[in-house]
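Report on the structure given below.
Residue numbers (my numbering), protein chains in the order written: chain A, 1 to 375; chain B, 376 to 889.
Quick look at the structure:
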């Protein structure tokens, strides 16, 4: 023991650690956004190096193609906008649940059941009801379906303390199976295993053009939801309850809040908005239903919600960024004959830098040299 | 034995963000002495010692062990230098035996369990510990766990022992035993540092006292030359009176009457067993007991947060109308809706009484955010209240919307107590209301409680410092393992009497004096 002690202390004499990490106090907002911007810039530089070393192509050209892919034409711009809205809408759905620290990773399923409900209305009621009534029925049924999907795990959690992460995840698979069944039920033409475009001639249940733009209604609905959810979470009594429950269930009980009730109520809302996303996806963009209607956006939206720290207004920016990356990646994949992986590397690098920059916003690093100077 | 310097800390500085935890602190620790490190909460005592035990690394300054400059970068380095620290929160594995915990993390010969058992026995004999090496940790009392932590450090060959607030969790009897052990270690030539803020303990055990105030080193004095008053003044930096007043009880009326309160845990263990007592308005009822023997359940039962067994009755009598209502089976919201203003300052301030991530304003509305008929939460009144509390109780915060978890412990408690008193309660329950607070804030809290008492509120004060309980409370209920082990008169009871009742369960019906 003694000899060991001596060797260690002799060896480590005066050797200060190379770098240490210390938590920062709150940083000015401008500076923190500056760091994030720098992270994006840096990620582009690193990506450029990676692109060049893998493909020996001019990185600027590749970036140009990415931009082209997302914003190259009127049509591409609107597709980008449409997909941004659909991702944003799921992010909005997740916001209240996540704010409550209720890990709803079942948005995928909630979107699907909302889509099924919408498709069913279009198929069975498309020729029966007048347009306004059809839309009311579609909206209500898609919301109800999504709300049901969201509220079941919440009910179990509040009654029996089940784990909502696993439960909402498993509800996704149920939704996918139901969708497969419905696709088989409604397939058109028979034997194709696709539902095909619903009501192609009458366009019953399709979103109308607004201001002459096909997807303008999508934008209006989703942006309204974003602002509405922002106000709901920030200024209402419900929003206050959600924050308290999310921070500490004990405090909530102490304050006389019925925690189980808040779980169920909030998941009804979260599920309903996700169901509404399904309605927008079916009625407002694809006009068909398949197991890919949600397309993994239910999971991507989790990243959106976290990166925006559950602020639905910030989510607009993040959704746009992610969709831009997706579109750009597809473009370079097809334009340069690269496969998907090259573009996914770029997406990965950019996200890594953006998320990593949060570390530098919250912590600072003290290097060894600096300590010497201080002495 | 002429005293040699074991450790010299020179010009140590440590920052956490903007907070200067230690600034240019220099102290000596000598072999064969007991040094008290005295200071209020947040004065940097623990931070300073954590730099010796390898938890933190100083931003500036040098540490010498036995005259040699060293850099201590990890707890292993600290052990290699012969430094061992016993932290406030024990770091033991519950399902392991004492011996297994001792050898955990060691290698070679030191890790041999058979060897260890006999060496542990030797250590126990040498210093006067009582410890069965094969006892599992989950069967140990708090004081046994502490003993085990000390043995762990001695087993690793530490010559310099640092104990962080070792008496915070002990009864008076256990404290005396610990001090005896520490004196034995001193005789064996070890250097012992005790981090504390309890003045009478400093005087009874240590040879020298080093005082820190707000991260600055103030002075080191020989204990023989110090008094409670002189130490307190050095610690706080100004003259203070250390008396707690106890205004006479005026016009006491039955307010809360608890009968046959029984609470069982989910496993069917009785946490509270047939508790009966009365809390009167205009009186402070103290509740003493070893931590975790039913205090939490008792207060939460009254507050409507705890499920109680059948046969329990908690009767509330309104002071003005003298109408009695039963509180059992009501939740906090229902109790409030019956027009009863029952305030509760729970032990877990940020985990139950407040929302740490929210600012003062949002915390003010925690219990009455439902006010108003619109679906929108009204923040005007809470904001005014927050401003008022910030001003009247001198809450140090950068702004009323800064998350309260960023405030110091004392300021967090001021926010919580301020809100609970602002609700104009008829019953005020506090659990460990001054734990972790500096002297000044503690006396502010005592004063506020006395103000409430004078205003005719029934105050229930769960405390751990027996000296304070004896000075402040009119009656003291002693809990022992979920039983009422006696209710004593605050003015005539003694510390030893309460200490006895805390640890030794009385037989049925022997002490129900009042």
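Positions of the beta carbon are idealized from the N, C-alpha and C atoms, including for glycine.
Predicted model only: the values in this text are computed from it and were never measured.
Chain A contact residues for residue i, given Cβ-Cβ distances below 7 angstroms
i, result
"residue 480/B", "Result: empty, since nearest Cβ-Cβ is about 14 angstroms, beyond 7 angstroms."
Residue i versus the options, residue with shortest Cα-Cα distance
i, options, result
"residue 544/B", "666/B, 766/B and 399/B", "666/B"
"residue 174/A", "149/A, 353/A, 344/A and 31/A", "149/A"
"residue 286/A", "205/A, 156/A, 166/A and 306/A", "205/A"
"residue 75/A", "296/A, 213/A and 367/A", "213/A"
"residue 111/A", "172/A, 77/A, 44/A and 82/A", "172/A"
"residue 420/B", "409/B, 432/B, 435/B and 396/B", "396/B"
"residue 591/B", "415/B, 449/B, 669/B and 743/B", "415/B"
Residue environment, residue i, which counts as buried when at least 16 other CB atoms sit within 10 Å
i, result
"residue 470/B", "exposed"
"residue 51/A", "buried"
"residue 572/B", "buried"
"residue 202/A", "exposed"
"residue 247/A", "buried"
"residue 613/B", "exposed"
"residue 96/A", "buried"
"residue 374/A", "Residue placement at residue 374/A cannot be trusted, given a pLDDT of 45 that sits under 50; the coordinates are not used to answer."
"residue 550/B", "buried"
"residue 902/B", "The question about residue 902/B has no answer, for chain B in this structure spans 376 to 889."
"residue 61/A", "exposed"
"residue 309/A", "exposed"
Span separating the alpha-carbon of residue i from that of residue j
i, j, result
"residue 211/A", "residue 219/A", "12 angstroms"
"residue 523/B", "residue 478/B", "12 angstroms"
"residue 54/A", "residue 68/A", "22 angstroms"
"residue 653/B", "residue 728/B", "25 angstroms"
"residue 255/A", "residue 778/B", "18 angstroms"
"residue 784/B", "residue 319/A", "40 angstroms"
"residue 700/B", "residue 574/B", "45 angstroms"
"residue 127/A", "residue 242/A", "42 angstroms"
"residue 404/B", "residue 445/B", "15 angstroms"
"residue 463/B", "residue 322/A", "47 angstroms"
"residue 497/B", "residue 730/B", "49 angstroms"
"residue 877/B", "residue 838/B", "13 angstroms"
"residue 108/A", "residue 268/A", "15 angstroms"
"residue 698/B", "residue 881/B", "35 angstroms"
"residue 611/B", "residue 588/B", "7 angstroms"
"residue 495/B", "residue 526/B", "7 angstroms"
"residue 423/B", "residue 394/B", "14 angstroms"
"residue 788/B", "residue 762/B", "16 angstroms"
"residue 192/A", "residue 288/A", "14 angstroms"
"residue 231/A", "residue 451/B", "53 angstroms"
"residue 330/A", "residue 343/A", "7 angstroms"
"residue 441/B", "residue 458/B", "11 angstroms"
"residue 258/A", "residue 264/A", "10 angstroms"
Residues of its chain near residue i, where Cβ-Cβ distance is below 7 angstroms and the 5 sequence neighbours each way are ignored
i, result
"residue 316/A", "88 and 226"
"residue 27/A", "361"
"residue 559/B", "502 and 503"
"residue 889/B", "Unreliable placement is indicated for residue 889/B, whose pLDDT of 37 sits below 50; the coordinate value is still reported in the next sentence. Excluding sequence neighbours, residue 889/B sits near 850 and 862."
Partners in chain A for residue i, counting only beta-carbon separations shorter than 8 angstroms
i, result
"residue 723/B", "250"
"residue 707/B", "253, 254, 255 and 256"
"residue 629/B", "Ordered by position in chain A, no residue passes the 8 angstroms Cβ test against residue 629/B, which lies about 26 angstroms from the chain."
"residue 729/B", "251"
"residue 711/B", "256"
"residue 680/B", "253 and 254"
"residue 726/B", "248, 250 and 251"
Under 9 angstroms by beta carbon: chain B residues contacting residue i
i, result
"residue 285/A", "Within chain B, no residue comes near residue 285/A; the closest Cβ sits about 32 angstroms away, beyond 9 angstroms."
"residue 244/A", "730, 733, 737, 741 and 744"
Cβ neighbours of residue i in the same chain (closer than 8 angstroms, five flanking residues each side left out)
i, result
"residue 79/A", "327"
"residue 681/B", "638, 672 and 675"
"residue 563/B", "501 and 502"
Close beta carbons around residue i, own chain, < 6 angstroms, minus the five adjacent residues each side
i, result
"residue 795/B", "718 and 720"
"residue 804/B", "674, 719 and 835"
"residue 809/B", "817 and 820"
"residue 115/A", "278, 281, 282, 289 and 293"
Residues that residue i contacts on chain B, provided the C-beta gap is smaller than 7 angstroms
i, result
"residue 235/A", "751 and 752"
"residue 99/A", "Here the premise fails: no neighbours, minimum Cβ distance about 11 angstroms."
Partner residues on chain B for residue i, Cβ-Cβ distance less than 8 angstroms
i, result
"residue 240/A", "737, 740, 744 and 752"
"residue 247/A", "730, 731, 732 and 733"
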